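In mature numbering (1 follows the signal peptide of the UniProt record, and there is no 0), the protein residues as written are -24 to -1, 1 to 332.
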């Protein structure tokens, strides 16, 4: 009888232990709701790790794609910019200490490798900042975009005076009631500024391309009432778009919508371009780019499509209405990885195994 009681006790204890482990694992796979939004950027840190950079809550989190678990995280007073360096992988953060700009370099494991304070660079509320590493005989640079002065200043060592100062004013300012600054990225000789022009309760994203060497300025406009995101890869501006869900006017039908494009920064012409035509005003799409792959969600065709960076289709599977709210994280070892909303103001990693 004692053996049966002991055996039953051990069995119950094992079940409780297993349940505790499952609960703990479930808890660690919950991620902030902000990770699903545009304020969070996702980087491929290593082959099996992704970095989430949340500029609303000013935090970093690294997720292991194999275990789907958070490996480490860090909080900052503010995050102005973040970049990834390769071989070995490093994370560079622009933040501030007291009233001066601070650059922190982290290893892929989250260890602080170095800190550099820029006492002559004083961040203000109406500014955007972007950092660029030294490459191809070009020095390390920091770009500051000032909303009030409508100008860009670029600094390099010894960081006391700008090496470039240039206005980014648009020739067609009268078209818009207001123009807001969304983001800035520098990769010499180019500075890319994402602007948002508004008029009569409508908005249009604009990409202002400034060549610092020639001082030439050009603009690539997006369609009206379309969200867009961008990054710079080499000599190309990579832009993805999504429809504005909930727009009472819906989308324009029977016209070609640009979902994805890779623009040559010198010519401003698209090297790769993907367009789609929709037949109903309540159709929606979302294109997301990361780690050299493109994910397109299409509510009219009810498909989610994985493509390579040149627009070649790799996999296509059916989608549901809720899939439109998923965040594409990456493509790893034949698995498509998303961050999906859980319904309780959080997100959870979800993996799709497409058919070969």
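All residues carry an ideal CB built from backbone N, CA and C; glycine is no exception.
Predicted, not measured: the structure shown is a model, and the values here were computed from it.
Assign residue i to one of two classes, buried (16 or more other C-beta atoms within 10 Å of its C-beta) or exposed (fewer than that).
i           : result
residue 92  : exposed
residue 85  : exposed
residue -14 : With a pLDDT of 36 at residue -14, under the threshold of 50, the predicted position of this residue should be treated as unreliable, though the coordinate-derived value follows. That one is exposed.
residue 236 : buried
residue 79  : buried
residue 260 : buried
residue 131 : buried
Assuming residue i is part of the beta strand (DSSP E), what are its boundary residues?
i           : result
residue 289 : 289 to 294
residue 314 : 311 to 317
residue 26  : 25 to 30
residue 20  : 16 to 22
residue 55  : Counting along the chain, residue 55 falls outside any beta strand (DSSP E), and DSSP gives it neither H nor E.
residue 209 : 202 to 209
residue 40  : 35 to 40
residue 68  : 66 to 73
residue 268 : No beta strand (DSSP E) holds residue 268; DSSP gives it neither H nor E.
residue 84  : It is not in any beta strand (DSSP E) - residue 84 carries neither H nor E in the DSSP assignment.
Report the residue from the options whose alpha carbon sits nearest the alpha carbon of residue i.
i           : options               : result
residue 173 : 167, 166, 165 and 182 : 182
residue 217 : 193, 271 and 188      : 271
residue 144 : 176, 31 and 171       : 171
residue 36  : 23, 54 and 24         : 54
residue 311 : 13, 41, 5 and 165     : 41
residue 232 : 250, 21 and 193       : 250
residue 39  : 33, 24 and 50         : 24
residue 177 : 47, 164, 224 and 118  : 224
residue 162 : 133, 116, 175 and 203 : 116
Where does residue i fall in DSSP's three states?
i           : result
residue 242 : coil
residue 189 : coil
residue 150 : helix
residue 372 : A query on residue 372 cannot be resolved here, the shown segment of the chain reaching from -24 to 332 and no further.
residue 59  : strand
residue 279 : strand
residue 122 : strand
Can you give me the C-alpha to C-alpha distance between residue i and residue j, rounded to a whole angstrom?
i           : j           : result
residue 123 : residue 157 : 7 Å
residue 281 : residue 267 : 15 Å
residue 59  : residue 76  : 19 Å
residue 209 : residue 265 : 12 Å
residue 125 : residue 97  : 16 Å
residue 241 : residue 195 : 11 Å
residue 127 : residue 279 : 43 Å
residue -2  : residue 11  : A caution first: residue -2 carries a pLDDT of 34, below 50, which makes its placement in the model too unreliable to give a value.
residue 13  : residue 243 : 32 Å
residue 330 : residue 262 : 19 Å
residue 137 : residue 8   : 40 Å
residue 305 : residue 285 : 15 Å
residue 301 : residue 56  : 26 Å
residue 219 : residue 276 : 12 Å
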